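Line order of the protein sequences matches chains P and Z.
Each step along the first sequence adds one to the number in our numbering, with nothing skipped, and position 97 is 976.
Each step along the second sequence adds one to the number in our numbering, with nothing skipped, and position 192 is 963.
Structure, as structure tokens:
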Amino acid sequence: MAVDCNIIKVKIADYKIGAAPDILVTNGLGSCVGLSLYDKEKKMGCLAHIMLPNSTKAVEEKFYPRYADTAINLMLEKLGHNGCSSISLEAKMAGGASMFPALKKENKGVGDRNVEAILEILQTHEIRLIGSDTGGSYGRSIEFSTDSGKMSIKSIQHGILEI
Amino acid sequence: MVFSRLQNAQLDALTEISNIGVGHAATALSQLLATSVEIRVPKVELLDIADVPDQLGGDDTPVVGMFLKMLGDASGNMLLIYPRESAERMVSLLLQKELEEGEVFSEMSLSALKEVGNILASAYLSALGTMLNINLICSTPSVSYDMAGAIVDYSLIELCSAEDKALVVETEFFLRGDEVKGNFFLIPDPGSLNVILKAAGQER
């Protein structure tokens, strides 16, 4: 990793923007989903650590980064302020696991519902999803390079995967 | 109840209740393993949800984690987190043999770890329940070896639709010096905190 690149950490239920050569990092995704939106012309990207599929139960605005719908709106807004138009954005996501499959209430766990919700919302905004690694029952950590647009996904069981 | 309005006196009451609870859990563990078990006085803290994974030892630190639900008159999530080496030594103590590489993830070992989790959690809840005169039981444990952040996010998801803080009861226990150490966490559901405080005579 180059010395001059900035590593920006995205905590659980948060989102951050970065421009090349920044690397956006989020760790320990279980049923949460790490979603990146990237403008490859501008080499600028946004990474969110999303916890829940929708904001219908949200009581306060400060909770918005937790939910797929509101988080994506916030990301688009922030990218828009920085001159990216949603037409040129490409999305990648990783996470949405079921850490304890025995605890799933129905067929679908929170992880599955997060992934589904994100797919739907991306479609509404006509943003292309060009890579994803979701599901399973293991945790993931991701590094997103705003220089290359590549997302590197690390897990204990499966090593490193690049999408 | 909104967590952030908890007062110091209530946090003290929770610490005291938890102290007795973990004391019972340590006794149970010590009987199971026929060795002395030391515990630290529990810390009861209100943490930002985003900071909870760090409190568990770092969000991408690999840990052996056990997840149990607290059920009955009050509900919440319980987690037992061990560093991998500690989980291995604990299993080795229980099965009374040296483990081979990777054997800590065999069905036998995981079952032994779950049993310890079950005993600790049941002892803790039974002490808590008796003291507060409420009915508390625990679910069967689920176990996973993974990143601490990934293991805890499930517990936080239920909290996070209405809260930005998690009330975390944390204690550390040691066996044989620090050959085996683990952390125990209780994260009550927001609605259940009132039940516990009311039973403890600390209702506002």
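Built from N, CA and C at the ideal position, the CB exists for glycine as well.
As the structure is a prediction and not an experimental result, all values here were calculated from the model.
Proximity of chain P to methionine 849 of chain Z at the Cβ level (cut-off 8 Å) is not reached, the minimal Cβ distance being about 13 Å. The segment 898 to 908 of chain Z and the segment 790 to 798 of chain Z touch, with three or more beta-carbon pairs separated by less than 8 Å. Here the alpha carbon of glutamate 940 of chain P sits roughly 20 Å from the alpha carbon of glycine 959 of chain P. Excluding five sequence positions before and after serine 926 of chain Z, the CB atoms of its chain that fall closer than 6 Å to its own CB belong to Asn848, Ile958, given in chain order.
DSSP places arginine 860 of chain Z in the uninterrupted alpha helix (DSSP H) bounded by 855 to 866.
Alanine 821 of chain Z carries a helical assignment under DSSP once its states are collapsed to helix, strand and coil. Listed along the chain, the chain Z residues whose CB falls inside 8 Å of the CB of alanine 950 of chain P amount to none; the nearest CB is some 12 Å away.
Going by beta carbons, serine 1016 of chain P and alanine 973 of chain P fall outside the 8 Å limit. Contact annotation: the segment 937 to 956 of chain Z touches the segment 808 to 821 of chain Z, with at least three C-beta pairs closer than 8 Å. Taking 7 Å as the Cβ-Cβ cut-off, the segment 909 to 933 of chain P approaches chain Z at Gly909, Ser910, Cys911, Met930, Leu931, given in chain order. Taking the Cα positions, phenylalanine 942 of chain P is about 21 Å away from glutamate 816 of chain Z. Just so you know, the alpha carbons of phenylalanine 1023 of chain P and glutamate 886 of chain Z end up roughly 40 Å apart. A distance below 6 Å between beta-carbons, with the five flanking residues on each side excluded, links glutamate 969 of chain P to the following residues of its chain, in chain order: Tyr917, Arg1007, Ile1009. Listed along chain Z, no residue sits closer than 8 Å to phenylalanine 1023 of chain P by beta-carbon distance, the nearest being about 15 Å off. Residue environment: isoleucine 1039 of chain P is assigned as exposed (fewer than 16 neighbouring CB atoms within 10 Å of its CB, all protein chains considered).
DSSP links cysteine 925 of chain P through a beta bridge to P:Ile896, P:Leu916.
Sequence-ordered contacts of the segment 820 to 833 of chain Z with chain P read Ile820, Ala821, Pro824, Asp830, Asp831, Pro833 [C-beta pairs closer than 7 Å]. Under the three-state reduction of DSSP, arginine 947 of chain Z is assigned to coil, being neither helix nor strand. Taking glycine 962 of chain P as the centre and dropping the five residues before and after it, the same chain places the C-beta of Lys921 closer than 7 Å to its C-beta, in chain order. Beyond the five residues adjoining it in sequence on each side, glycine 1014 of chain P comes within less than 8 Å, by CB distance, of Gly975, Ala976, Ser977, Gly990, Asp991, Val994 in the same chain, given in chain order.
In terms of Cβ geometry, valine 939 of chain Z and alanine 845 of chain Z do not form a close pair [threshold 8 Å]. The C-beta of methionine 861 of chain Z comes no closer than 8 Å to any C-beta of chain P. Burial is judged here by how many other beta carbons sit within 10 angstroms of a residue's own beta carbon; serine 882 of chain Z has fewer than 16 and is exposed. A straight line joining the alpha-carbon of proline 813 of chain Z with that of cysteine 909 of chain Z spans about 20 Å. Leaving aside the five residues that flank asparagine 904 of chain Z on each side, the residues in its chain whose CB is nearer than 8 Å to its CB run, in chain order, Ala970. Scanning chain P for C-beta atoms nearer than 8 Å to the C-beta of methionine 841 of chain Z yields nothing, as the closest lies near 14 Å away. Within chain Z, the residues whose beta carbon sits less than 7 Å from that of leucine 982 of chain P are Ser913, listed in sequence order.
Short of 8 Å from the beta carbon of leucine 866 of chain Z, and not among the five residues preceding or following it, lie these beta carbons of its own chain, in chain order: Met879, Ser880, Ala883.
Rounded to the nearest angstrom, the gap between the Cα atoms of methionine 841 of chain Z and alanine 937 of chain Z is 15 Å. The beta carbon of serine 1031 of chain P sits closer than 7 Å to those of Ile1021, Glu1022, Ile1039, Glu1041, all from its chain and outside the five residues before and after it, given in chain order. At the C-beta level, isoleucine 966 of chain P and leucine 914 of chain P stay beyond 8 Å of one another.
Between alanine 921 of chain Z and glycine 988 of chain P the beta-carbon gap is near 13 Å, outside 8 Å, which marks them as no contact.
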